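Reviewing the structure listed below.
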Amino acid sequence: MIALTHARFGEPVDVIVPTEQPVPEPGPGEVRLRLLRSPIHNHDLATIRGVYGYKPTLPAVAGSELVGAIDALGSGVTGLKPGMRVAAMGRGAWAEYVTIAAQAAVPMPDAIDDDVASQLLAMPLSALVLFDDLRTEPGMWIAQNAANGAVGRILMRIAQAHGVNVINLVRREEAADELRSYGAKHVVVTDRDGWQNDVRALTDGKGVARLVDSIAGPQSLEMQRVLAQHGELIVFGGLSGAAMKLDPSLMISAETIVRGFWMSAWMQRAPREEGAAAMRRVFDLATKGELPLPVAAVYELAQAHEALRAAERPGRGGKVLLRI
34 MIALTHARFG EPVDVIVPTE QPVPEPGPGE VRLRLLRSPI HNHDLATIRG
84 VYGYKPTLPA VAGSELVGAI DALGSGVTGL KPGMRVAAMG RGAWAEYVTI
134 AAQAAVPMPD AIDDDVASQL LAMPLSALVL FDDLRTEPGM WIAQNAANGA
184 VGRILMRIAQ AHGVNVINLV RREEAADELR SYGAKHVVVT DRDGWQNDVR
234 ALTDGKGVAR LVDSIAGPQS LEMQRVLAQH GELIVFGGLS GAAMKLDPSL
284 MISAETIVRG FWMSAWMQRA PREEGAAAMR RVFDLATKGE LPLPVAAVYE
334 LAQAHEALRA AERPGRGGKV LLRI
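Note that the working numbering has the sequence shown beginning at 34, numbered continuously upward.
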């Protein structure tokens, strides 16, 4: 079978290699999946670069989420059968065949197609849990950068449905138009001087109570300046690849809280019942068609380098997916 592997950390297009490997056999309590779709997430790219919170042992098969058809069952597996379509999160998803723990397999209803099913666990679940973690109230003002990404679009939809005012920060007018097409009420384009004044005008000069920073780096200082007194800066991502820059005097005078949020840590500490309840909420949103999960393009595994370039292309209109 073909698997997308890397023997060193570095730029994905430089280190990812389509490699012939034997088809894995499922062990006790495992199932084998035949790949249908697997997304290229930002955290997959960061993992390949060696700058994510998790570093795999090399050489490694890349990828972390997929939807596939059960191809074989290991001993002791019950409740699943060959041919069932399931989604899963797990390392090594970018391969024709993947083995996972049977308990990690999430059966997919026919109403959810492969393109959506392959993205259903990581980003929508992260957005939903992140929203809960923000501890908002109706009428509160929050903001987020990288708002045109999958998490940003979903967080905006969830927050607005709960009566929370969301200011979506994007760098391009085209991205702003795209967000408005998904129902965003407040969008501010940050590629010009003075955009912070737009945020202050929307909030009657008070600033935002919560700001989700998915880019970090030097521009975190600009984000900090639109926070309200006692505001919270929640670091969700590090797309800039650079160290954050903050103003300590402003942090002190505004009594700002800066903290991180990592979905992997939440999944490890959350009780099983809480995780299951969150997943049911995601399913409910998906079956109602309320999760904006567009797809920009689908590539075969053998087209890995073309797919990776497309995944990092500015202005792409959705997620890039891989298939056999």
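In this text, a Cβ means the ideal position worked out from N, Cα and C, and glycines have one as well.
From a predicted model like this one, the values you see are computed outputs, not experimental measurements.
Item to check | Rounded distance between the beta-carbons of V162 and W299, thought under 8 Å | outcome: 6 Å
Next on the checklist: Please return the same chain residues whose Cβ sits closer than 6 Å to the Cβ of A150, not counting the five positions on each side in sequence.
Outcome noted: V100, A120 and M141
Checklist entry - Out of curiosity, what's the CA-to-CA distance linking L91 and L254? => result 36 Å
Checklist entry - Excluding five sequence neighbours on each side, which residues of the same chain lie with their C-beta closer than 7 Å to the C-beta of A77? => result The question names Ala, yet the displayed sequence has Asp at residue 77. Excluding residues up to 5 positions away in sequence, A95, G96 and S97 lie with their Cβ nearer than 7 Å to the Cβ of D77 in the same chain.
Item to check | Neighbour-count burial assignment, I200, 16 or more Cβ in a 10 Å radius | outcome: In this structure I200 is buried. Its beta-carbon is surrounded by 16 or more other beta-carbon atoms within 10 angstroms.
Checklist entry - In this structure, does DSSP put I285 in helix, strand or coil? => result helix
Item to check | Sheet register partners of H338 (DSSP bridge) | outcome: The partner list for H338 (beta bridge, DSSP) is empty, contrary to what the question assumes.
Item to check | 7 Å Cβ shell around S108 - same chain, five flanking residues per side excluded | outcome: P61
Item to check | Under 8 Å between C-beta atoms of L244 and G264 | outcome: For L244 and G264, yes; Cβs fall inside 8 Å.
Checklist entry - Which full runs of the alpha helix (DSSP H) of 4+ residues lie inside the stretch 187 to 271, going along the chain? => result 206 to 214, 228 to 235 and 253 to 257
Checklist entry - How many whole angstroms separate the CB atoms of I357 and L68, which I take to be in contact at a CB cut-off of 8 Å? => result 5 Å
Checklist entry - Which residue's Cα is closest to the Cα of R292: P304, M277 and A105? => result By alpha-carbon distance to R292, the top candidate from P304, M277 and A105 is M277.
Checklist entry - What are the uninterrupted segments assigned as alpha helix (DSSP H) that are 4 or more residues long and contained completely in the stretch 88 to 157, given in chain order? => result 147 to 150
Item to check | DSSP-derived helix/strand/coil call for H74 | outcome: coil
Next on the checklist: Can you confirm whether the stretch 303 to 323 touches the stretch 174 to 182 when touching is taken to mean that 3 or more C-beta pairs between the two stretches lie within less than 8 Å?
Outcome noted: no
Next on the checklist: Please state the DSSP three-state secondary structure of E58.
Outcome noted: It is coil, neither helix nor strand.
Checklist entry - For A311 versus L158, is the C-beta distance shorter than 8 Å? => result yes
Next on the checklist: For E53, which residues in the same chain have their Cβ closer than 7 Å to its Cβ, ignoring the five residues on either side in sequence?
Outcome noted: I35
Item to check | Buried or exposed (CB count within 10 angstroms, at least 16 for buried), L247 | outcome: The sequence given here places Ser at residue 247; Leu does not occur at that position. Counting other Cβ atoms within 10 Å of its Cβ, S247 reaches 16 or more and is therefore classed as buried.
Item to check | Separation of P55 from E211, as counted between CA atoms | outcome: The C-alpha of P55 is placed about 43 Å away from the C-alpha of E211.
Item to check | Beta-carbon gap between R205 and G348 smaller than 8 Å | outcome: yes
Checklist entry - Buried or exposed: which applies to N75, given that a residue is buried once 16 or more other Cβ atoms fall within 10 Å of its Cβ? => result Label assigned to N75: buried.
Checklist entry - Do you know how far the Cα of A330 is from the Cα of V221? => result 27 Å
Next on the checklist: Check for me: the alpha helix (DSSP H) holding E306 runs from which residue to which?
Outcome noted: R305 to T320
Checklist entry - Alpha carbon to alpha carbon, how far is G216 from I187? => result 11 Å
Checklist entry - L154 to V84, Cα distance in whole Å? => result 22 Å
Item to check | Unbroken alpha helix (DSSP H) run spanning W299, endpoints | outcome: M296 to R302
Next on the checklist: Between which two residues does the alpha helix (DSSP H) holding P325 run?
Outcome noted: Note, P325: premise wrong, no alpha helix (DSSP H); not H, not E.
Item to check | Nearest neighbour of Q257, chosen from L272, R233, D237 and G274 [CA to CA] | outcome: R233
Checklist entry - Do you know how far the Cα of D146 is from the Cα of G125? => result 22 Å
Next on the checklist: Only counting the same chain, and skipping five residues up and downstream in sequence, which positions put a Cβ closer than 8 Å to that of M122?
Outcome noted: By the criterion of a C-beta distance shorter than 8 Å, M122 is surrounded in its chain by S97, E98, A137, L154 and A155, once the five residues flanking it on both sides are discounted.
Checklist entry - Under the three-state reduction of DSSP, which class applies to G182: helix, strand or coil? => result coil
Checklist entry - Is I357 helix, strand or coil by DSSP? => result Reduced to three states, the DSSP call for I357 is coil.
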